[in-house]
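>
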Amino acid sequence: PDRGLTGALNTNIVRRASRYILSEAGVPVEVVAAGKKGRDFMVRTRQNVVAEFTGLGENLTLEDMRPVAEVAAGDFLSGKVDAVYVVYAEFVNTLTQRPVVKQLLPIEPPAEGGQYADYIFEPSPREVLEQLLPRYAEIQLYQAFLESIASEHSARMVAMKNASENAKELVTDLTLERNKARQSRITQEVAEIAAGANALGG
Numbered sequence: 003p004d005r006g007l008t009g010a011l012n013t014n015i016v017r018r019a020s021r022y023i024l025s026e027a028g029v030p031v032e033v034v035a036a037g038k039k040g041r042d043f044m045v046r047t048r049q050n051v052v053a054e055f056t057g058l059g060e061n062l063t064l065e066d067m068r069p070v071a072e073v074a075a076g077d078f079l080s081g082k083v084d085a086v087y088v089v090y091a092e093f094v095n096t097l098t099q100r101p102v103v104k105q106l107l108p109i110e111p112p113a114e115g116g117q118y119a120d121y122i123f124e125p126s127p128r129e130v131l132e133q134l135l136p137r138y139a140e141i142q143l144y145q146a147f148l149e150s151i152a153s154e155h156s157a158r159m160v161a162m163k164n165a166s167e168n169a170k171e172l173v174t175d176l177t178l179e180r181n182k183a184r185q186s187r188i189t190q191e192v193a194e195i196a197a198g199a200n201a202l203g204g
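My numbering numbers the first residue of the sequence shown as 3 and each following residue consecutively.
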């Protein structure tokens with residue numbers, strides 16, 4: 003996400019990414035940061051940020067994912083990295099957004115079993131893979147971004163609802179305090195008037 007006011011969502015995502023990076027101790031990790039909040043955190047914690055994409059906005063298109071996917075798939079295909087993972091907020095429902103780490107590349111082969119056709123590839127399987135892998139990464143990243151945007155909207159809605167409820171509670175408490183102070187002042191004034199009348203009449 004590029005903006006705040008999402009409760010703990012941004013913090014939870016960057017913490018999840020940090021925990022994953024720490025779990026890979028000894029393995030060089032390169033970070034491609036998407037979103038201002040994540041980028042700022044990764045730079046602040048001195049991670050190896052090799053590319054950053056900010057200002058992608060909420061009206062993302064598949065085309066917007068192409069540069070991100072090209073970095074991820076390109077580094078994988080060139081052998082610069084062994085694996086690519088994406089950390090994002092999985093949208094469960096309006097109240098639940100779960101930070102997850104998902105392996106993007108290499109693609110996990112399906113479980114053994116079942117019948118598979120023996121395909122003839124033209125051009126070679128390697129060339130087909132090199133063409134399809136960036137598109138696959140693009141679609142998977144687009145899905146992750148859309149879930150993160152939905153999670154961001156939900157978290158912001160919940161945070162604003164909680165803030166509104168807290169503000170209403172505060173207004174109620176302050177109104178009660180003001181009424182008590184006003185009542186106390188009126189009572190004191192009435193007592194002073196009564197005491198003054200008694201002194202004059204006495």
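Glycine included, each C-beta is placed from N, C-alpha and C at the ideal position.
Between the alpha carbons of E140 and Y121, how many angstroms are there, rounded?
Here residue 140 refers to the residue found at position 138 when the sequence shown is read from its first residue. Here residue 121 refers to the residue found at position 119 when the sequence shown is read from its first residue. Spanning the two alpha carbons is a distance of roughly 25 Å.
> Would F93 pass as a contact of E154 if the rule is Cβ separation under 7 Å?
Counted from its first residue, the sequence shown places residue 93 at position 91. Counted from its first residue, the sequence shown places residue 154 at position 152. No; because the gap between Cβ atoms is not below 7 Å, this pair is not in contact.
> Quick check: what's the CA-CA separation for T96 versus T8?
In the sequence shown, counting from the first residue as 1, residue 96 sits at position 94. In the sequence shown, counting from the first residue as 1, residue 8 sits at position 6. Rounded to the nearest angstrom, the two C-alpha atoms are 13 Å apart.
> I'd like the span of the alpha helix (DSSP H) that includes V16, first residue to last.
For the purposes of this step, residue 16 is taken as the residue at position 14 of the sequence shown. It spans 11-25 - the alpha helix (DSSP H) in which V16 sits, taken as one unbroken run.
> Using DSSP with H/G/I as helix, E/B as strand and the rest coil, what is T96?
On the sequence shown, position 94 is the one that residue 96 refers to. Looking at T96 - three-state DSSP - the assignment turns out to be coil, as it is neither helix nor strand.
> Mind checking which residues open and close the alpha helix (DSSP H) that includes V70?
On the sequence shown, residue 70 is found 68 positions in, with the first residue counted as 1. Start and end: 64-79.
> Since Q105 sits in a beta bridge, which residues does DSSP pair it with?
As a position in the sequence shown, residue 105 is number 103, starting the count at 1. Note: Q105 sits in a beta bridge opposite Y87.
> Roughly how many whole angstroms lie between the Cα atoms of T177 and E171?
What you label residue 177 is simply residue 175 of the sequence shown in a count that begins at 1. What you label residue 171 is simply residue 169 of the sequence shown in a count that begins at 1. Cα to Cα, T177 sits roughly 10 Å from E171.
> Straight-line CA distance for V173 to S166?
As a first step, residue 173 is located in the sequence shown; it is residue number 171 there, counting from the start. As a first step, residue 166 is located in the sequence shown; it is residue number 164 there, counting from the start. Cα-Cα distance, rounded: 10 Å.
> Using beta-carbon positions only, say whether L143 and A91 come within less than 7 Å of one another.
Along the sequence shown, read from residue 1 onward, the residue named residue 143 stands at position 141. Along the sequence shown, read from residue 1 onward, the residue named residue 91 stands at position 89. The answer is no: Cβ separation not under 7 Å.
> How would you label F147, buried or exposed, when you count the other beta carbons within 10 angstroms and need 16 or more for buried?
Translated into the one-based positions of the sequence shown, residue 147 becomes position 145. Under this definition F147 is a buried residue.
> Check whether the region 37-46 and the region 16-25 are in contact - that is, three or more C-beta pairs closer than 8 Å.
Taking 8 Å as the limit for Cβ pairs, the verdict is that the region 16-25 does touch the region 37-46.
> Can you tell me whether DSSP reads F147 as helix, strand or coil?
Looking up residue 147 in the sequence shown gives position 145. F147 falls in the helix class under three-state DSSP.
> Out of curiosity, what's the CA-to-CA distance linking L24 and R180?
Counted from its first residue, the sequence shown places residue 24 at position 22. Counted from its first residue, the sequence shown places residue 180 at position 178. Going by the C-alpha atoms only, they are around 53 Å apart.
> Just mark N12 as buried or exposed, buried being the case when its beta carbon has 16 or more other beta carbons within 10 Å.
Numbered from its first residue, the sequence shown carries residue 12 at position 10. Flag for N12 reads buried.
> May I ask which residues mark the beginning and end of the alpha helix (DSSP H) holding V45?
In the sequence shown, counting from the first residue as 1, residue 45 sits at position 43. That run of the alpha helix (DSSP H) goes 38-46.
> Using only the alpha-carbon positions, how far apart do G76 and D175 sit?
For the purposes of this step, residue 76 is taken as residue 74 along the sequence shown, with counting starting at 1. For the purposes of this step, residue 175 is taken as residue 173 along the sequence shown, with counting starting at 1. About 59 Å.
> From this set, L79, M162, S20, F55, which residue's C-alpha is nearest R68's C-alpha?
Residue mapping note: residue 68 aligns to position 66 of the sequence shown, counting from 1. With distances taken between Cα atoms, R68 lies closest to F55.
> Assign L131 to buried or exposed, taking buried as 16 or more other Cβ atoms, counted over all protein chains shown, within 10 Å of its Cβ.
By 1-based counting over the sequence shown, the position of residue 131 is 129. With fewer than 16 other Cβ atoms within 10 Å, it is exposed.
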